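Numbering (my numbering), first residue to last: 141 to 643.
Each residue gets a CB set at the ideal place from its N, CA and C atoms; glycine is no exception.
Since the structure is predicted, the reported quantities are computational estimates derived from the model, not experimental observations.
Notes follow the structure.
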């Protein structure tokens, strides 16, 4: 799904009002009804619960006023607090205040002059409707202090559309913490920025009937990869296939003491469906791999403890270079030579990326659509030190465009940059924060490439398989290790085969 930038949300609202012949107040009423229903469905408050609603003076506050009125009319115990951070009330807020006043729905007023003495009532739920997507300037200091005070209360906070204080286009100074965001139509691009992870752990997209035709016409470089979209990338293995048609993977990796990376990457490739696997490793690694991985063919490099080899020993369908490889000078020399020889889909991970950062002029040798899978520090070595996450994303886009490659930005929520797009994944799993997890991911992606998946699809589907395996695993967060990702892939594929027909 295309993600709308912060500049275009208002235009989407305007297009909806124009095309559907609906007023801004009526659109607000419709949106608030959907948000109220989503709150009741997801949070299930009782009539004995107190629901404290903080409303700003812009249209997000207008949504909060309507939600409060609807809940009040249904018999819920509602307390509304109008947070007056400006004298410039929107016309919609003025209209909603009139409607609430006509029903004698009381509200308190919070300002810079009285916030320090504000005493939070005993409450079960807090609805945050202070700021929405339109926030474009830094908060007044008193609001930052109030947000901190509210965060310290440990209330069950539900944010409307966007947690108050969160910018869509830059880092924020202070953000209200929420346990759930009821976000209009789609998650906001800022939810996927690492600096905002603690404030956007969970969200629910709520449709309010915005005009779908506008979204179809709108041009965007940022996308939210929904599960149904990724599952459609799956290519079932033909009943008459054999190991040759399923593709041959070559893994060029490993150094003394780090052969486990080769094992994990190779297993990832095979468990992703590749038909054959060959590892090209230092001589010391041959016995280890032959003993522990019977499905893997192994070719010895020229040296015992580090990799050296200049001529491709086989003609594979895809190649992975880097896991556990080291950066020995002769390994680096071999890498440069190999980059000029490889003409098939290529994945670069770990030390291969490190070496490229040491020799950036070699980037021009990469085949088009090479996939790089850096963790944050490896990415920093490639693009340079950045001031914030938005700059990191922009520089990564520039890097991918310049070198015609695809970058898998590994993090709690992985993003994929390439083909002038940023693909965002909402699923996060702390189980994947374990040694060897990245080796498995690189192997999975390479295995998919060997089967003929286009590079972007292989990266997307590989990230999904990797994350979903951890999600479906019964192992605890403490005991989960990289090998468990491999064991879980069978359940993921079975789940995909069952669900693919549903979409």
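| request: Might you give, ordered along the chain, the residues of its own chain that have their beta carbon closer than 7 Å to the beta carbon of residue 284, omitting 5 neighbours on each side? | output: 313 and 314
| Counting only runs that start and end within the stretch 463-487, where is the beta strand (DSSP E) found for 3 or more residues in a row? | none
| said: Rounded to the nearest angstrom, what separates residue 625 and residue 340 at their Cα positions? | reply: 25 Å
| Span of the alpha helix (DSSP H) around residue 406 | 399-411
| task | Indicate whether residue 457 and residue 299 have their beta-carbon atoms separated by less than 8 Å. | result | no
| In this structure, what does DSSP give as the bridge partners for residue 267? | 193 and 298
| message | Just verifying my parser: in three-state terms, what is the DSSP assignment at residue 555? | response | strand
| said: Helix, strand or coil for residue 329? Go by DSSP, reduced to three states. | reply: helix
| task | Take the Cβ of residue 306 as the centre, count every other Cβ of all protein chains shown within 10 Å, and call the residue buried at 16 or more, exposed below. | result | buried
| task | For residue 579, I'd like the list of residues in its chain whose CB is within less than 6 Å of its CB, leaving aside the five on either flank, ordered along the chain. | result | 401, 404, 405 and 463
| The alpha helix (DSSP H) spanning residue 156 covers which residue range? | 149-160
| query | Mapping DSSP to helix, strand and coil, what is residue 314? | reply | coil
| query | With residue 326 and residue 345 assumed to form a contact (beta carbons below 8 Å), what rounded beta-carbon distance in angstroms separates them? | reply | 5 Å
| request: Please name the residue, chosen from 509, 484, 596 and 474, that lies closest to residue 499 on a Cα-to-Cα basis. | output: 474
| query | To which residues does DSSP link residue 388 through a beta bridge? | reply | 416
| task | Can you say whether residue 407 is buried or exposed, counting buried as having 16 or more other CB atoms within 10 angstroms of its CB? | result | buried
| task | Please state if the CB of residue 343 and the CB of residue 141 are separated by a distance shorter than 8 Å. | result | no
| CB-CB under 8 Å to residue 467, same chain, minus the five flanking residues each way: which ones, in chain order? | 491, 494, 495 and 498
| For residue 186, which three-state DSSP category applies? | coil
| said: Which runs of the beta strand (DSSP E) at least 3 residues long sit entirely within the stretch 516-567? Give them in chain order. | reply: 546-549, 555-558 and 561-564
| Nearest-angstrom beta carbon gap, residue 269 and residue 203 [assumed within contact, 8 Å] | 5 Å
| Rounded straight-line distance, which links the Cα of residue 185 to that of residue 319 | 14 Å
| query | Just to confirm, are residue 471 and residue 439 a CB contact at a threshold of 8 Å? | reply | no
| query | From 594, 619, 584 and 618, pick the residue whose C-alpha is nearest to that of residue 607; which is it? | reply | 584
| task | Please classify residue 219: does DSSP put it in a helix, a strand, or coil? | result | strand
| Which residues in the same chain as residue 518 place their Cβ atom closer than 6 Å to its Cβ, once the five residues preceding and following it in sequence are excluded? | 493
| query | Quick one: Cα of residue 236 to Cα of residue 330, how far? | reply | 29 Å
| task | Kindly list the residues whose CB is nearer than 6 Å to the CB of residue 615, restricted to its own chain and excluding five residues on each side of it in sequence; keep chain order. | result | 624
| request: Could you spell out where the beta strand (DSSP E) holding residue 497 opens and where it closes? | output: Looking at the DSSP string, residue 497 is not in any beta strand (DSSP E); the run it does join, the alpha helix (DSSP H), is 491-498.
| Identity of the residue in 430, 382, 416 and 396 nearest residue 448 by Cα | 396
| query | Which ranges does the beta strand (DSSP E) cover as unbroken runs of at least 3 residues, wholly within the stretch 233-260, from first to last along the chain? | reply | 247-250
| message | Assuming residue 588 and residue 601 are in contact, meaning their beta carbons sit under 8 Å apart, how far apart are those beta carbons, in whole angstroms? | response | 6 Å
| query | How long is the line joining the alpha carbons of residue 84 and residue 549, rounded to whole angstroms? | reply | Residue 84 is absent from the model: the chain starts at 141 and stops at 643.
| said: Which of the three DSSP states is assigned to residue 224 in this structure? | reply: coil
| message | Please tell me whether residue 301 and residue 272 are closer than 8 Å, where the distance is taken between their beta carbons. | response | yes
| Cβ distance (whole Å) where residue 611 is taken to contact residue 564 below 8 Å | With 8 Å as the limit, residue 611 and residue 564 do not qualify as a contact, their Cβ atoms being about 17 Å apart.
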